[in-house]
Amino acid sequence: MDQNELKKAVAKAAADYVNQRLDDHTVIGVGTGSTANYFIDYLAEFGDDIRATVASSEETARRLKAHNIEVMDLNAAPEVTIYVDGADEANKYLHLIKGGGGALTREKIIAAVAKEFVCIADGSKLVDVLGTFPLPVEVIPMARSHVGRQIVKLGGDPVYREGFVTDNGNIIIDIHHMDIMEPRKLEEQLNQITGVVTNGLFAVRPADKLILGTKEGIRTLTAN
Numbered sequence: 002m003d004q005n006e007l008k009k010a011v012a013k014a015a016a017d018y019v020n021q022r023l024d025d026h027t028v029i030g031v032g033t034g035s036t037a038n039y040f041i042d043y044l045a046e047f048g049d050d051i052r053a054t055v056a057s058s059e060e061t062a063r064r065l066k067a068h069n070i071e072v073m074d075l076n077a078a079p080e081v082t083i084y085v086d087g088a089d090e091a092n093k094y095l096h097l098i099k100g101g102g103g104a105l106t107r108e109k110i111i112a113a114v115a116k117e118f119v120c121i122a123d124g125s126k127l128v129d130v131l132g133t134f135p136l137p138v139e140v141i142p143m144a145r146s147h148v149g150r151q152i153v154k155l156g157g158d159p160v161y162r163e164g165f166v167t168d169n170g171n172i173i174i175d176i177h178h179m180d181i182m183e184p185r186k187l188e189e190q191l192n193q194i195t196g197v198v199t200n201g202l203f204a205v206r207p208a209d210k211l212i213l214g215t216k217e218g219i220r221t222l223t224a225n
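If you count the sequence shown from 1, you need to add 1 to reach our numbering.
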């Protein structure tokens with residue numbers, strides 16, 4: 002199986018997991034990215050049974066609506082029952098790096114309010130130490146240089162993501178060449194830098210379940 006086939010397999014497993022838990026009160030949070038897109042396509046198979054969804058990006062909202070799946074504003078949702086999204090990297094503690102697609106802030110907001118956070122990824126995303134994938138940081142534009150200097154002090158190599166603007170109207174700085182030995186500590190340190198909206202570490206609020214698509218089949222890890 003190639004990587005796309007693994008993504009499809011894990012997206013189907015996640016859709017089946019969600020379908021088994023649907024009731025009249027279920028609101029599904031839906032993430033952003035290629036694996037999440039496959040998940041949306043599988044949701045469409047039982048879309049008539051879905052009360053509503055909350056989207057982590059404008060692109061995700063468009064894709065859901067194209068399948069005639071209702072999308073509601075998070076502020077109007079009574080609760081988010083389950084949130085399903087991909088990851089750029091994950092470790093065995095279900096700490097994640099997310100934000101390769103630039104939707105990290107809205108993803109982090111939905112993860113924070115969701116009763117259950119299910120991460121879906123192909124097996125290559127599971128690593129021993131986070132940081133090989135550049136860590137995204139969403140930044141208020143006028144603070145770009147200041148935030149970059151503070152990242153250097155923390156030992157990272159900040160690279161401005163040229164030509165990219167988030168759905169919130171901000172910019173992204175990607176941190177390269179940093180082995181993240183203490184994800185929760187670094188997440189908190191980065192969020193304390195003035196001008197940072199948030200960063201792509203999901204360690205303060207990790208995933209509850211990690212569903213991996215591997216060549217040997219579906220593998221599921223749960224938080225300890």
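Where a beta carbon is used, it is the ideal one built from N, C-alpha and C, also for glycine.
Since we're looking at a predicted model, the values are computed, not measured.
- Query: Should residue 248 be labelled buried (16 or more other beta-carbon atoms within 10 Å of its own) or exposed?
  - Reply: With the chain covering only 2 through 225, there is no way to say anything about residue 248.
- State buried or exposed for residue 19, treating a residue as buried only when at least 16 other CB atoms are found within 10 Å of its CB. Translated into positions along the sequence shown, residue 19 becomes position 18. Buried, since its Cβ has 16 or more Cβ neighbours within 10 Å.
- Could you tell me whether the region 5 to 20 touches the region 41 to 52, using the rule of 3 or more Cβ pairs below 8 Å? yes
- Task: For the beta strand (DSSP E) containing residue 96, list its first residue and its last residue.
- Result: As a working note, residue 96 is residue 95 in the sequence shown. Segment: none, residue 96 is in no beta strand (DSSP E) and carries neither H nor E.
- How about residue 10 and residue 97: are their beta carbons less than 8 Å apart? Within the sequence shown, numbered from 1, the residue matching residue 10 stands at position 9. Within the sequence shown, numbered from 1, the residue matching residue 97 stands at position 96. Cβ distance not < 8 Å, so residue 10 and residue 97 don't count as in contact.
- Message: For residue 33 and residue 139, which I take to be in contact (beta-carbon distance under 8 Å), what is that distance rounded to the nearest angstrom?
- Response: Counting from one through the sequence shown, the residue named residue 33 turns up at place 32. Counting from one through the sequence shown, the residue named residue 139 turns up at place 138. That belief does not hold up - the Cβ atoms of residue 33 and residue 139 are roughly 13 Å apart, past 8 Å.
- Use the C-beta contact count for residue 217: other C-beta atoms within 10 angstroms, 16 or more gives buried, fewer gives exposed. Position 216 of the sequence shown, counting from 1, holds the residue named residue 217. The residue in question, residue 217, is exposed, as its Cβ has fewer than 16 Cβ neighbours within 10 Å.
- Query: How about residue 148 and residue 83: do their beta carbons lie closer than 8 Å?
  - Reply: Counting from one through the sequence shown, the residue named residue 148 turns up at place 147. Counting from one through the sequence shown, the residue named residue 83 turns up at place 82. Contact flag unset, no.
- Task: Report yes or no: do the region 23 to 32 and the region 67 to 83 share at least 3 C-beta pairs separated by less than 8 Å?
- Result: yes
- Message: Please give the ranges of any beta strand (DSSP E) in the region 103 to 176, keeping only runs that are unbroken, at least 3 residues long and fully inside the region.
- Response: Runs found: 115 to 123, 136 to 140, 158 to 161.
- Measure the alpha-carbon distance for residue 220 versus residue 95 and round it to whole angstroms. As a position in the sequence shown, residue 220 is number 219, starting the count at 1. As a position in the sequence shown, residue 95 is number 94, starting the count at 1. Answer to the nearest angstrom: the Cα atoms are 13 Å apart.
- Item | With 16 other Cβ atoms within 10 Å as the buried cut-off, status of residue 151 | Taking the sequence shown and counting its residues from 1, the one referred to as residue 151 is at position 150. So residue 151 counts as buried.
- What residues are listed by DSSP as bridge partners for residue 53? Position 52 of the sequence shown holds residue 53. Beta-bridge pairing links residue 53 to 28.
- Query: Ends of the alpha helix (DSSP H) at residue 11?
  - Reply: Locating residue 11 in the sequence shown gives position 10, counting from the first residue. Counting along the chain, the alpha helix (DSSP H) containing residue 11 begins and ends at 4 to 20.
- Item | Sub-8 Å separation of residue 127 and residue 179 beta-carbons | Residue mapping note: residue 127 aligns to position 126 of the sequence shown, counting from 1. Residue mapping note: residue 179 aligns to position 178 of the sequence shown, counting from 1. Result no, Cβ atoms of residue 127 and residue 179 do not sit closer than 8 Å.
- Query: Can you tell me the Cα-Cα spacing of residue 59 and residue 168, whole angstroms?
  - Reply: Position 58 of the sequence shown, counting from 1, holds the residue named residue 59. Position 167 of the sequence shown, counting from 1, holds the residue named residue 168. Residue 59 and residue 168 have their C-alpha atoms spaced approximately 7 Å apart.
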